[in-house]
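Q: Sharing a structure with you now.
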Amino acid sequence: MRFYLGFTDGIPIVTCEASYDKDTVGFYNICTRQEFRKRGYASHI
Numbered sequence: 011m012r013f014y015l016g017f018t019d020g021i022p023i024v025t026c027e028a029s030y031d032k033d034t035v036g037f038y039n040i041c042t043r044q045e046f047r048k049r050g051y052a053s054h055i
């Protein structure tokens with residue numbers, strides 16, 4: 011499992027966990043700070 015943290019202008023905005031297997035990747039617990047929601051940050055991560 012890997013963890014990712016996305017930044018904008020030095021501010022941490024979005025996080026997620028990624029689980030890797032042979033041919034698949036699963037993304038879990040994608041979270042975006044409330045004041046930055048509805049801007050596509052989770053889709054970009």
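By the count of my numbering, the sequence shown reaches residue 55 at its end, each step adding exactly one.
In this text, a Cβ means the ideal position worked out from N, Cα and C, and glycines have one as well.
1) Can you give the Cα-Cα distance for Met11 and Ala28, rounded to whole angstroms?
2) If you drop the 5 nearest sequence neighbours on each side, which residues of the same chain put their C-beta closer than 6 angstroms to that of Ala52?
3) Quick one: residues in its chain with C-beta nearer than 8 angstroms to the C-beta of Pro22, no 5 flanking neighbours on either side, listed in chain order?
4) Could you tell me the distance, in whole angstroms, from the CA atom of Phe37 to the CA atom of Asp19?
A: Reading from the atomic positions:
1) 6 angstroms
2) Cβ neighbours of Ala52 beyond the five flanking positions: Val24, Ile40 and Thr42.
3) Residues of the same chain with a CB within less than 8 angstroms of the CB of Pro22, apart from the 5 flanking positions on each side, are Leu15, Gly16 and Arg43 in chain order.
4) 24 angstroms
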